[in-house]
Amino acid sequence: MNIFYKYSNSQNTPHKIEIPLKIQSPEELVKEPVTLGDHMRRRRLELGLYQKDVAAQIGVTTSTIWNWENNWSSITLSCMPKVIEFLEYNPVPFPEDLMERLAWYKQVKGLSLEQLGAEMGRDPEQLSDWLSGRHNPCRRNREAIENFLKKNEEKTDTKQI
């Protein structure tokens, strides 16, 4: 509280003016996060951590965290599981389309096409064609993808925001 006294024209009669001082919250905590970097910055500020602390948790450099928070670079697939673990929620929205759900699973788990292919028992080149939209899977393959995603749905326990 900051108090100013101003004397009036009358004999020693003070007028008191009080100005309440209020510390404003950082903009990152007030506005809704849009990008993954925004989500990371907000969580870091909520926890009161420095970028170097977050970098040590995730296993990257401090400059990488700065680049992610300022949207200068995107989060790599291999780091995505640790980022989701740090955030304690999954900021990537869950899609409805089958191929988008497969791409979401690949992203959330931080898998390469080779790793996803090994999990599914499919050729990585075939998965690349499906995920890029160059080819659409036939009915039998769509059912296999659906079954794979249902089977792994329980394992993907990252809660959505």
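If you read the sequence shown in the working numbering, its first letter stands for residue 5, the second for the next number, and so on. Note that the Cβ used here is the ideal one computed from N, Cα and C, for glycine as well. Small disclaimer: the values here were computed from a predicted structure and weren't measured.
Whose C-alpha, out of Pro141, Glu22 and Ser82, is nearest the C-alpha of Leu117?
Ser82
Out of curiosity, what's the CA-to-CA distance linking Asn140 and Arg146?
Taking the straight line joining both Cα atoms gives about 9 Å.
Got a sec? Which residues, its chain only, sit under 8 Å from Glu32 by beta carbon, not counting five neighbours each side?
Asp42, Arg45, Arg46 and Leu49
Proximity of Leu135 and Leu153 at Cβ, strictly below 8 Å
At the C-beta level, Leu135 and Leu153 stay beyond 8 Å of one another.
By how many angstroms is the C-alpha of Gly52 removed from the C-alpha of Ile27?
Cα to Cα, Ile27 sits roughly 16 Å from Gly52.
Taking Val58 and Ile88 to be in contact with their CB atoms under 8 Å, please state how far apart those CB atoms are, rounded to whole angstroms.
Val58 to Ile88, Cβ: 13 Å. No contact.
Report all residues from its chain with a CB closer than 8 Å to the CB of Gly137; omit the five preceding and five following residues, and keep chain order.
Met103
Bounding residues of the alpha helix (DSSP H) (the contiguous stretch that carries Asp175):
What is shown of the chain runs 5 to 165, which leaves residue 175 out entirely.
Under a Cβ-count criterion, where at least 16 other Cβ atoms within 10 Å of its own Cβ denotes burial, should Pro95 be classed as buried or exposed?
So Pro95 ends up on the buried side.
Which residues in the same chain have their Cβ closer than 7 Å to the Cβ of Met84, if we skip the five residues on either side of it in sequence?
Cβ within range, chain order: Gln111, Val112 and Gly114.
Exposed or buried, Thr65, counting other C-beta atoms within 10 Å across all chains shown (16 or more means buried)?
exposed
How is Asn94 classed by DSSP in three states: helix, strand or coil?
strand
Terminal residues of the continuous alpha helix (DSSP H) containing Arg143?
Arg143 to Glu157
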